[in-house]
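Numbering (our numbering), first residue to last: 77 to 193.
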């Protein structure tokens, strides 16, 4: 697990870049971000490194539901899907979900958002 803030930042950034490379996507393709901890310094730094100043819309799931521990990422994905359902501008864009827990485990997911039906 990753404990040091600098290590978390660099490992998460590497994870984010790998996910984009695997998807054949660029940071500009991301239309929505759901970070696990909007106040998390290392997580926010990695997102800033990836996205620069032209940051897409964000969802503060932790602010909406509090600390959901291991279930947090599921709520983040749900929040992304509900948001995309109500915002046609997000159709065919990517959503990025990130998670860093207190033990240093981290990860990310890219979701291609479909048009609302």
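Where a beta carbon is used, it is the ideal one built from N, C-alpha and C, also for glycine. The model shown is predicted, which means the values in this text are computed figures rather than measured ones.
Continuous beta strand (DSSP E) stretch holding residue i: start and end
i	result
residue 106	106 to 110
residue 170	170 to 176
Of the listed residues the options, nearest to residue i (C-alpha basis)
i	options	result
residue 119	146, 160, 98 and 87	87
residue 103	128, 91 and 80	128
residue 37	155, 175 and 106	Shown here, the chain extends from 77 to 193; a query on residue 37 therefore has no answer.
residue 136	183, 126 and 114	114
Opening and closing residue of the alpha helix (DSSP H) in which residue i lies
i	result
residue 121	117 to 127
residue 82	81 to 99
residue 141	137 to 141
Three-way DSSP call (helix, strand, coil) for residue i in this model
i	result
residue 148	helix
residue 189	coil
residue 133	strand
Count Cβ pairs between the region 184 to 192 and the region 130 to 141 that sit closer than 8 Å; are there 3 or more? no
Are the region 82 to 99 and the region 146 to 155 touching, with three or more C-beta to C-beta distances below 8 Å? no
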